[in-house]
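Q:
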Amino acid sequence: MAVAGQRGRGGGAPAGVALKVALRLGVALRSVRAAVYFQEQFLDGGWAGVGVSGGRWDGHWLRRCFDYYTNISTGPQTSENAKFYAVSHDLNHLVTKGRLWSFSTLRNMSTYNLFVRPNICGSETKKVHVILNHKNKHHPIKKPIRCKADRYTHLYTLIIRPDQTYNVKIDNKMVASGNLEDDFDFLPPRKVNDPTVRKPIDWDDRMQIDDPEDIKPEDWDEAEFITDTSAEKPEDPRCSMDNTLSNFSFYENISIIGLDIWQVRSGTIFNNFLVIDDKAYAEDFGYETWGETKIEEEQEQERVIEEKYLEQQFKKKLERKKESGKDRAVRNTIEKEF
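Under mature numbering (1 follows the signal peptide of the UniProt record, and there is no 0), residues -34 to -1, 1 to 304 are what the sequence shown spells out, in order.
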């Protein structure tokens, strides 16, 4: 599952940028039909009444068509610079083990459970934030993920699976993957350095040291492994802290999906949100929405480049004619003098 957008005090995006969002959750289901928990393409103006206003959220949303669409497609667009924006939708408090994540109400964003967004600030900060809530603490992903920073529409996807693995995709291409326990600081580290411990002066760095007085016993058993019947499986010390290791891919209360954004430079358009338990459906949805936009944007860019080229050629032609006219005027003057 995933969510995308600009949010936070450093956020900003070029005017006219469009962000599309696919939210996925991988589930070990054997059902033939996909369960679509939430899908919003902003095909009508009904979303205009669900925006959050008052308090710090004083930014005004506009209903805006995508620049390069031949088909009618709209989405909420930020309209004022240096403003906070918010819009949310109720998920009807869906509860399901290992299938869905929960989104807290925008009235208190400090309690959100899953947070994904591209963050663009100046020329240096261009990263994707992935933050998960565990035991009321926010844990950002430890891997650096670079976001797209241009005027084109982009698709951001996060997949969370019950086996506690995840994938992050941009434009349906993998940019990060791994295990939740390894890539988020949910648990204390397995080893902690003790700054007070010092290496002894007479420490021998050799891994093994031969004992010249040691002699191989006559009854030595050459077996590679000898079973120790009295041995017991060691316990993970972290288990005693929490009884059992936590399931990081489970959240109970499913309530709100929303955007909470701070933008220095307005103009970003959001569209095509999807929460689903089927990877193939989500990929098809992405290609049918963002994919069509990508094709039209590429065609528009080619047209713009061609127009600029023809314009430059026309200017060069005018300059050549102008220079040629000056040369003729000089020649005519010289001929008259002689």
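Glycine included, every Cβ here is placed at the ideal spot set by N, Cα and C.
The structure presented is a predicted model; accordingly, all values stated were derived computationally and were not measured.
What's the gap between the Cα of Pro166 and the Cα of Glu190?
A: Working through the sequence shown from its first residue, we reach residue 166 at position 200. Working through the sequence shown from its first residue, we reach residue 190 at position 224. Cα to Cα, Pro166 sits roughly 34 Å from Glu190.
Q: Please state whether the Cβ-Cβ distance between Ser54 and Ile227 is less than 8 Å.
A: Within the sequence shown, numbered from 1, the residue matching residue 54 stands at position 88. Within the sequence shown, numbered from 1, the residue matching residue 227 stands at position 261. Taking a C-beta distance under 8 Å as the contact criterion, Ser54 and Ile227 do not qualify as a contact pair.
Q: Output needed for Thr40: all residues of its chain with C-beta closer than 7 Å, excluding positions within five of it in sequence on either side, in chain order.
A: Within the sequence shown, numbered from 1, the residue matching residue 40 stands at position 74. If we look at Thr40 and ignore the five residues flanking it on each side, its Cβ neighbours are Phe8, Arg29, Arg30 and Cys31.
Q: Cutting at 7 Å between CB atoms, please list the residues of its own chain near Glu249, excluding the five before and the five after it.
A: Locating residue 249 in the sequence shown gives position 283, counting from the first residue. Closer than 7 Å at Cβ, skipping near neighbours: Asn138.
Q: Given this structure, state the Cα-to-Cα distance separating His95 from Cys113, to the nearest angstrom.
A: Against the sequence shown, residue 95 aligns to sequence position 129. Against the sequence shown, residue 113 aligns to sequence position 147. The alpha-carbon separation between His95 and Cys113 amounts to approximately 9 Å.
Q: In the structure shown, what three-state DSSP assignment does Phe152 receive?
A: Within the sequence shown, residue 152 is the residue found at index 186, counting from 1. Three-state result, Phe152: coil.
Q: Please report the straight-line C-alpha distance between Phe280 and Asp149, rounded to a whole angstrom.
A: Taking the sequence shown and counting its residues from 1, the one referred to as residue 280 is at position 314. Taking the sequence shown and counting its residues from 1, the one referred to as residue 149 is at position 183. Between Phe280 and Asp149, the C-alpha separation is close to 56 Å.
Q: Helix or strand or just coil, what does DSSP make of Arg83?
A: As a first step, residue 83 is located in the sequence shown; it is residue number 117 there, counting from the start. Note: Arg83 maps to strand in three-state DSSP.
Q: Closest to Tyr132 by C-alpha separation, out of Lys283, Leu98 and Trp23, would be which residue?
A: Walking along the sequence shown from the start, residue 132 turns up at place 166. When only C-alpha atoms are compared, the closest one is Leu98.
Q: State yes or no: is the C-beta of Val241 within less than 8 Å of the C-beta of Tyr3?
A: Start at 1 with the first residue of the sequence shown, and residue 241 comes out as number 275. Start at 1 with the first residue of the sequence shown, and residue 3 comes out as number 37. Cβ distance < 8 Å, so Val241 and Tyr3 count as in contact.
Q: Taking only three categories from DSSP, how would you classify Asp243?
A: Against the sequence shown, residue 243 aligns to sequence position 277. DSSP, reduced to helix, strand and coil, places Asp243 outside both helices and strands of the structure shown, so it counts as coil.
Q: Just curious, the beta strand (DSSP E) that Phe4 is in, first and last residue?
A: In the sequence shown, counting from the first residue as 1, residue 4 sits at position 38. Going by DSSP, Phe4 is part of the beta strand (DSSP E) stretching over Val2 to Glu6.
Q: Leu57 and Pro221 - do their beta-carbons sit closer together than 8 Å?
A: If you number the sequence shown from 1, residue 221 lands on position 255. If you number the sequence shown from 1, residue 57 lands on position 91. It is Ser, not Pro, that sits at residue 221 in the sequence shown. Going by C-beta atoms, Ser221 is nearer than 8 Å to Leu57.
Q: Can the beta-carbon of Lys49 be found closer than 8 Å to that of Ser232?
A: Looking up residue 49 in the sequence shown gives position 83. Looking up residue 232 in the sequence shown gives position 266. Cβ distance < 8 Å, so Lys49 and Ser232 count as in contact.
Q: With C-beta atoms as the reference, is residue 316 less than 8 Å away from Ala115?
A: Outside the shown range of the chain (-34 to 304) lies residue 316, about which nothing can therefore be said.
Q: How many Å lie between residue 306 and Asp180 at the Cα?
A: The chain is shown only over -34 to 304; residue 306 falls outside these bounds and no answer can be derived.
Q: Is Val230 closer than 8 Å to Asn47 when the C-beta atoms are compared?
A: To locate residue 47, count along the sequence shown from 1; it is residue 81. To locate residue 230, count along the sequence shown from 1; it is residue 264. In this structure, Val230 lies closer than 8 Å to Asn47 by Cβ.
Q: If you run the structure through DSSP and keep just helix, strand and coil, what is Ala52?
A: Residue mapping note: residue 52 aligns to position 86 of the sequence shown, counting from 1. Here Ala52 sits in strand by DSSP.
Q: Under a Cβ-count criterion, where at least 16 other Cβ atoms within 10 Å of its own Cβ denotes burial, should Tyr243 be classed as buried or exposed?
A: Counting from one through the sequence shown, the residue named residue 243 turns up at place 277. Note that residue 243 is Asp in the sequence shown here, rather than Tyr. Burial call: buried.
Q: Please identify the residue among Gln267, Glu272, Ile271 and Phe236 whose C-alpha is closest to the C-alpha of residue 345.
A: This structure does not reach residue 345, given that the chain is present from -34 up to 304, and the question cannot be answered.
Q: Does the Cβ-Cβ distance between Leu146 and Gln130 come in under 8 Å?
A: Taking the sequence shown and counting its residues from 1, the one referred to as residue 146 is at position 180. Taking the sequence shown and counting its residues from 1, the one referred to as residue 130 is at position 164. Closer than 8 Å, so yes.
Q: Which one of Lys283, Asp194 and Ile111 has the shortest CA to CA distance from Gly144?
A: Taking the sequence shown and counting its residues from 1, the one referred to as residue 144 is at position 178. If we check each option's Cα against that of Gly144, Ile111 comes out closest.
Q: With DSSP run on the structure shown, which of helix, strand or coil describes Arg286?
A: If you number the sequence shown from 1, residue 286 lands on position 320. Helix, per DSSP.
Q: If we define contact as Cβ-Cβ less than 8 Å, is Thr193 a contact residue for chain B?
A: Reference to chain B is not applicable here, since this structure consists of a single protein chain.
Q: So what's Gly252 in DSSP terms, helix, strand or just coil?
A: Position 286 of the sequence shown, counted from the first residue, corresponds to residue 252. The answer is helix: DSSP assigns Gly252 an H, G or I state.
Q: Give me the residue from Thr234, Lys109, Ile175 and Lys182 with the minimum Cα distance to Thr44.
A: By 1-based counting over the sequence shown, the position of residue 44 is 78. It is Thr234.
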